[in-house]
Every structure is written in structure tokens, then in C-alpha cells.
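Student: At position 34 of the sequence shown the residue is numbered 34 (full-length UniProt numbering), and the sequence of numbers has no breaks.
Please find one structure pasted underneath; my questions will follow.
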Amino acid sequence: MSNQKSSNTLYAVADFCLIPMGLPTPSVGPQIAECQRVLEKSGLEYRLHGYGTNVEGPWDKVMEAIGACHEAVHKMGTPRIATDIRIGTRTDREISSGGNDHKKARVEEILAKKE
1 MSNQKSSNTL
11 YAVADFCLIP
21 MGLPTPSVGP
31 QIAECQRVLE
41 KSGLEYRLHG
51 YGTNVEGPWD
61 KVMEAIGACH
71 EAVHKMGTPR
81 IATDIRIGTR
91 TDREISSGGN
101 DHKKARVEEI
111 LAKKE
């Protein structure tokens with residue numbers, strides 16, 4: 001079985017942390033909120049967490065959405081952005097939507113058995 005969708009692209013389960021730099025204030029909340037607006041428009045599954053965002057979907061669309069976040073945050077006047085990205089793909093089995101949720105649930109299942 002393959003995790004390739006009908007468009008023959010890998011399904012990506014990603015975590016990224018967009019880091020706005022060169023701003024006059026240490027707060028980056030408005031820039032991160034703008035990135036979340038971009039992700040909402042992308043149609044991809046995503047979830048904000050304390051130090052980044054999980055996003056998943058077809059590889060090209062995930063990369064496009066992260067690039068669109070950069071563009072939107074630059075348009076806000078952010079002169080520099082650094083982004084850390086971790087991406088997982090699989091070819092040994094089908095990955096459906098909810099890949100990040102399934103990963104978390106699997107670890108919680110293992111932890112529950114040890115109690």
C-alpha cells in the first residue's frame with residue numbers, strides 16, 4: 001500500500017515553527033495569527049500549539065501553505081523570517097487525514113497500557 005493520493009503526491013504530516021525576526025517588539029502574536037489565517041484559507045488540516053503548528057496534506061500544498069505564511073508575514077513588515085520544519089511521510093501504509101492526531105493517540109494508547 002502507498003500513501004500517495006490520486007494526485008500522485010506524498011501525504012505530508014508536518015510541524016513547523018515560523019520565527020519572525022527584526023521586529024521592534026519581542027511579541028510575534030500578530031504575525032503568527034496572520035499565518036493561521038493563511039492556513040485556514042489553505043483548506044489543509046492544521047493545529048496551532050505552543051511553539052509551532054502541525055499541518056498536513058499533500059506535500060506540494062503543505063509547502064505552498066508554509067510559503068504563503070512567509071509571504072503574508074513579510075507583507076506585515078517583517079524583514080526576516082526563519083522557519084524550522086519537520087516533515088514525515090510514509091509509503092508502507094495509507095495515511096488518511098488526521099495523521100498528527102493518530103500519532104498522538106498511538107502514544108497515549110501505549111502509555112495507558114503501562115498504567
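Idealized CB from N, CA, C, for every residue including glycine.
Everything numeric in this text was worked out from a predicted model, so none of it was measured.
Within the same chain, show all residues whose beta-carbon is closer than 8 Å to that of Val62, passing over the 5 residues directly before and after it, in chain order.
Tutor: As a working note, residue 62 is residue 62 in the sequence shown. Excluding residues within five positions, the ones whose Cβ falls inside 8 Å are Ala12, Ala14, Leu44, Val55, Glu56, Ile87.
Student: Pair every Cβ in the segment 88-104 with every Cβ in the segment 26-40, then say whether three or more of these pairs are closer than 8 Å.
Tutor: Taking 8 Å as the limit for Cβ pairs, the verdict is that the segment 26-40 does not touch the segment 88-104.
Student: Just to confirm, is the Cβ distance from Ile19 to Ile81 under 9 Å?
Tutor: The residue labelled residue 19 in the question sits at position 19 within the sequence shown. The residue labelled residue 81 in the question sits at position 81 within the sequence shown. It is a contact, given that the beta carbons lie within the stated cut-off.
Student: Taking Cβ positions, are Phe16 and Thr78 nearer each other than 9 Å?
Tutor: One-based indexing of the sequence shown puts residue 16 at position 16. One-based indexing of the sequence shown puts residue 78 at position 78. No, Cβ-Cβ distance for Phe16 and Thr78 is not below 9 Å.
Student: How big is the Cα-Cα spacing for Arg106 and Ala72?
Tutor: If you number the sequence shown from 1, residue 106 lands on position 106. If you number the sequence shown from 1, residue 72 lands on position 72. Cα to Cα, Arg106 sits roughly 35 Å from Ala72.
Student: In three-state terms, what does DSSP make of Ile85?
Tutor: As a first step, residue 85 is located in the sequence shown; it is residue number 85 there, counting from the start. Reduced to three states, the DSSP call for Ile85 is strand.
Student: Buried or exposed for Gly29, please, with buried defined as at least 16 other CB atoms from any protein chain shown within 10 angstroms of its CB.
Tutor: Within the sequence shown, numbered from 1, the residue matching residue 29 stands at position 29. Under this definition Gly29 is an exposed residue.
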